[in-house]
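Participant: Sharing a structure with you now.
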Amino acid sequence: MDTRADRLDRMLNVTVELFFELEQTMFFRQFGKRKMATLDIGCGNGAYAANIGARFPDMRLTGVEIDAEMYQKALVRQERNLTYIRGSYEQLHGNGSYDAVIARLVVLHIQNRDEFVKWVYDHTSNDGTVILIDFDDARYRENEKLPLFSTLYSTARQSLRRKRTFLELPDALRLEFCHGGFVHLNTERYTIRADRPDGKLRFCEYMRLATEYLLDAPISAERERELAAWLDDPDASHEIPMFGIRFGKSAEVR
1 MDTRADRLDR
11 MLNVTVELFF
21 ELEQTMFFRQ
31 FGKRKMATLD
41 IGCGNGAYAA
51 NIGARFPDMR
61 LTGVEIDAEM
71 YQKALVRQER
81 NLTYIRGSYE
91 QLHGNGSYDA
101 VIARLVVLHI
111 QNRDEFVKWV
121 YDHTSNDGTV
131 ILIDFDDARY
141 RENEKLPLFS
151 TLYSTARQSL
161 RRKRTFLELP
171 DALRLEFCHG
181 GFVHLNTERY
191 TIRADRPDGK
201 LRFCEYMRLA
211 TEYLLDAPIS
221 AERERELAAW
231 LDDPDASHEI
241 PMFGIRFGKS
251 AEVR
């Protein structure tokens, strides 16, 4: 039986194919060959963390995931330098333990961000960095050739932001982390664009899986036709705007 967790698992695999190469160049390349300890909060099925671990074999990487089914899927990717832990980040111990903390596509799911910021500050080394990556909703534009998917995506994002500050997420995170003692190092805004056949094929699979995950049901014939028409249209494209923001305990951190 194809469960919701199975759909999310496949969707996360596709996001790694779509996003990882660009994001590792923008945010992780500075890690180099340092023997550093890194924490991935909300690591899902572990695919993204596994790619980081493979790219930086000298890194000691820990992924923490609260969902039991996702944790089980992550375990199959465990390696010598990569450990997955089931539970919440608050259950981890050891102040100053991590040289880098990564939270990708999870901060809107964290209920108390003030406590989150404090925990991250306490558990990051003095020369450590925090990297937050998420969708940049302010720059998202609905696609007239993908009306069903665009509406579904926008509604899902809006429901996550419902009770948050009026600030856009990058601005809110900068305010919260700086208030919590961090120094803002930089914010990068970028866009993943699908306009060529190979990229569109992967992106179409992502949209199909995201649709099934968000609706918790197999994709309808109407939605499938929309994706197929978009895929076959040589003039059709789609963009997902993203941002990444880096913080340190000191402005000397780069």
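In this text, residue positions in the sequence shown follow the numbering used here: the first is 1, and each later residue adds one.
In this text, a Cβ means the ideal position worked out from N, Cα and C, and glycines have one as well.
Helix, strand or coil for D171? Go by DSSP, reduced to three states.
Facilitator: It is helical.
Participant: Pull up the CB-CB distance for K101 and I52, whole angstroms please, since I reckon it's below 8 angstroms.
Facilitator: A small fix is needed here, since residue 101 is Val in this sequence, not Lys. At roughly 13 angstroms, the Cβ-Cβ gap does not stay under 8 angstroms, so V101 and I52 are not in contact.
Participant: Among the residues of its own chain, which have a CB less than 7 angstroms from the CB of A37, if the five just before and after it don't count?
Facilitator: Same-chain partners within the cutoff: R60, S97, Y98 and D99.
Participant: Taking the DSSP output, what are the residues bridged to H184?
Facilitator: F247
Participant: Quick check for students: name the residue ranges of the alpha helix (DSSP H) that lie wholly in the region 23 to 89, counting only runs of 4 or more.
Facilitator: 47 to 55 and 68 to 75
Participant: Measure the alpha-carbon distance for A54 versus D2 and round it to whole angstroms.
Facilitator: 29 angstroms
Participant: Check for me: the alpha helix (DSSP H) holding T211 runs from which residue to which?
Facilitator: P197 to L215
Participant: Should T62 go down as buried or exposed, given a rule of 16 or more other Cβ atoms within 10 Å for buried?
Facilitator: buried
Participant: Using the Cα positions of H238 and Y140, report the straight-line distance between them to the nearest angstrom.
Facilitator: 10 angstroms
Participant: Could you pull the start and end residues of the alpha helix (DSSP H) that T151 belongs to?
Facilitator: P147 to R161
Participant: Just to check my reading of the structure: E226 and L146 have Cβ atoms closer than 8 angstroms, yes? What is that Cβ distance to the nearest angstrom?
Facilitator: 6 angstroms
Participant: Taking contact to mean at least 3 C-beta pairs separated by less than 8 angstroms, is the region 235 to 250 in contact with the region 176 to 195?
Facilitator: yes
Participant: In terms of residues, what are the limits of the beta strand (DSSP E) holding Y98?
Facilitator: Y98 to R104
Participant: In its own chain, which residues sit with a C-beta less than 8 angstroms from the C-beta of M26, not counting the 5 before and 5 after it?
Facilitator: Only E188, Y190 and G244 meet the Cβ criterion.
Participant: Counting pairs of beta carbons, one from the region 202 to 216 and one from the region 125 to 132, are three or more of them closer than 8 angstroms?
Facilitator: no
Participant: Candidates M207, L169, D134 and V183: which alpha carbon is nearest E23's?
Facilitator: D134
Participant: Counting along the chain, where does the beta strand (DSSP E) carrying F135 start and finish?
Facilitator: T124 to F135
Participant: Who are the near neighbours of E65 in its chain, counting only those whose CB is closer than 7 angstroms to its CB and skipping five residues on each side?
Facilitator: G42, C43, G44, Y71, A74, Y84 and R86
Participant: Tell me the DSSP secondary structure of Y140 in three-state form.
Facilitator: coil
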